[in-house]
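**Q** The structure's right below; bear with me while I get my questions together.
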Amino acid sequence: MAPLLQLLGAQLPRATLSYDWLSSAQIAAAARRSEDVPFDLALLASPDIAVSVANEGYAFEDEAAGAMAIAQWRNEVFGIWSDPGVMVLRRAAFPDRMPQTRIELVRALEQGGGRFDRRVGIINIGIDDVSYLLASQDSLRSTLYWRLMRAFGAAKARIYDTTDDILDALQTGDLDILYNVPLSALLVAGDPPEGMEIVVPQDYVLAVPWSVFVPKGAANPRGGRSLLHSLLAPQNKIAFSSVGFEVPDGLQGLESIQKIELGPELLVFRDMIKRSKFLDAWFQAVVD
268 MAPLLQLLGA QLPRATLSYD WLSSAQIAAA ARRSEDVPFD LALLASPDIA VSVANEGYAF
328 EDEAAGAMAI AQWRNEVFGI WSDPGVMVLR RAAFPDRMPQ TRIELVRALE QGGGRFDRRV
388 GIINIGIDDV SYLLASQDSL RSTLYWRLMR AFGAAKARIY DTTDDILDAL QTGDLDILYN
448 VPLSALLVAG DPPEGMEIVV PQDYVLAVPW SVFVPKGAAN PRGGRSLLHS LLAPQNKIAF
508 SSVGFEVPDG LQGLESIQKI ELGPELLVFR DMIKRSKFLD AWFQAVVD
């Protein structure tokens, strides 16, 4: 976030900008206050939570921002970039061919004969909001999803609470396969360890929109809107690329990208009963 803040600060020299990291749940709880919200602009990597907050009436409408945004919902929630979920694979673990699709990965696991036991890493979707969104959207797009989760379970996959935890395990050499890791986290972590390769699935790649909104209870909504307009300004697209909001040219297969759309359909898996049933099915599959 530091390069982004520097970029915005240069464009808004009269503004004092500060950035605080909060969990998605903390952002949502604060934004639902009628006043004294401790931020003027919210940025979430979990767009379903942003849509949920706006759906309850806690986000300002801004038609000018909607006209500038690459994606928006009701002129209240705006997308600033799409973060792909990718795989990371160890080349030596696949001597014949690196899997390039989910079916190839499933077959490699099913035919591995125990070779991948405790060598698969996945993120706990009951804790990590982005991973939950990716999992739920994955299940809607592919009949292979649950077969893949069962294959992870049979391989005694290691389940990590956060993206940081799984990237630490990647650095220590504990894993051969990582699935649905946000590309942004991998880029911040630097080059993968020797022998590991970022693989963009060729069947499809889910891209999560990073979403912003101005909460109605913000102390300085005018300032929040000014910052929002700077974030969305068309002339800033090139500058955004220079500070990391761009998929590197070296990654192949991005013609298969499927952007998750901002909209009320994201609320389906936020329903508590639906969420509980989905998590039960997921843990039954991956905890063999």
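The opening position of the sequence shown corresponds to residue 268 in this note's numbering, with each subsequent residue numbered one higher.
Where is the CB? At the ideal position from N, CA and C, for every residue including glycine.
Around the C-beta of Ser-350, are 16 or more other C-beta atoms found within 10 angstroms, so that it is buried, or is it exposed?
**A** According to the sequence provided, residue 350 is Asp. The question's Ser does not apply to it. Asp-350 should be labelled buried.
**Q** In this structure, how does DSSP classify Phe-507 when only helix, strand and coil are distinguished?
**A** Helix at Phe-507.
**Q** For Leu-533, I'd like the list of residues in its chain whose CB is within less than 7 Å of its CB, leaving aside the five on either flank, ordered along the chain.
**A** Contacts found: Pro-314, Asp-315, Val-318.
**Q** Among Pro-531, Arg-542, Ala-552, which residue has its Cα nearest to the Cα of Glu-323?
**A** Of the listed residues, the one whose Cα sits closest to Glu-323 is Pro-531.
**Q** Which partner residues does Leu-352 have in the DSSP bridge list?
**A** According to the sequence shown, residue 352 is Gly rather than Leu. Looking at the DSSP assignment, Gly-352 forms a beta bridge with Pro-449.
**Q** So the candidates are Asp-435, Thr-430, Glu-464, Ala-375; which of them puts its Cα closest to the Cα of Ala-422?
**A** Cα-wise, what sits closest to Ala-422 is Ala-375.
**Q** Would you grab the beta carbon distance between Leu-473 and Leu-546 for me? Rounded to a whole angstrom, and I think it's under 8 Å.
**A** Actually they are not in contact, since the Cβ atoms of Leu-473 and Leu-546 sit about 19 Å apart, beyond 8 Å.
**Q** When DSSP labels each residue in this structure, what does Tyr-427 get in the three-state scheme?
**A** Here Tyr-427 sits in strand by DSSP.
**Q** Cα-Cα, which of Ile-337, Val-553, Leu-310, Ala-334 is closest to Ala-263?
**A** Any property of residue 263 remains undetermined from this structure, which presents the chain solely from 268 to 555.
**Q** Determine whether the beta carbon atoms of Met-463 and Arg-357 lie at a separation below 9 Å.
**A** In contact: Met-463 and Arg-357 (Cβ atoms closer than 9 Å).
**Q** Enumerate, from N- to C-terminal direction, the unbroken beta strand (DSSP E) stretches of 3 or more residues contained entirely within the segment 430 to 489.
**A** Listed in chain order, they are 444 to 449, 463 to 466, 472 to 480.
**Q** State yes or no: is the C-beta of Leu-494 within less than 9 Å of the C-beta of Met-335?
**A** Taking 9 Å as the Cβ cut-off, Leu-494 and Met-335 do not qualify as a contacting pair.
**Q** Assuming Phe-480 and Trp-348 make a contact with CB atoms under 8 Å, what is their CB distance in whole Å?
**A** Actually they do not touch by this definition, with Cβ atoms about 15 Å apart.
**Q** Counting Cβ pairs closer than 8 Å, one from the segment 430 to 447 and one from the segment 379 to 388, do we hit at least three?
**A** As far as the Cβ criterion goes, the segment 430 to 447 touches the segment 379 to 388, which means the pair count is three or higher.
**Q** For Phe-550, name the three-state secondary structure that DSSP assigns.
**A** Here Phe-550 sits in helix by DSSP.
**Q** Specify, as a first and last residue, the run of the beta strand (DSSP E) that Trp-340 falls within.
**A** Looking at the DSSP string, the run of the beta strand (DSSP E) that includes Trp-340 is 338 to 340.
**Q** In this structure, what does DSSP give as the bridge partners for Val-387?
**A** Paired residue(s): Ile-444.
**Q** Please report the straight-line C-alpha distance between Asp-428 and Val-373, rounded to a whole angstrom.
**A** Roughly 23 Å between the two C-alpha positions.
**Q** With which residues is Ala-309 paired in a DSSP beta bridge?
**A** In the DSSP output, where bridge partners are listed per residue, Ala-309 has Phe-480.
**Q** Hey, Ala-298 and Leu-529 are a contact pair by Cβ (cut 8 Å); roughly how many whole angstroms apart?
**A** Going by Cβ atoms, the distance from Ala-298 to Leu-529 rounds to 16 Å, so no, they are not a contact pair.
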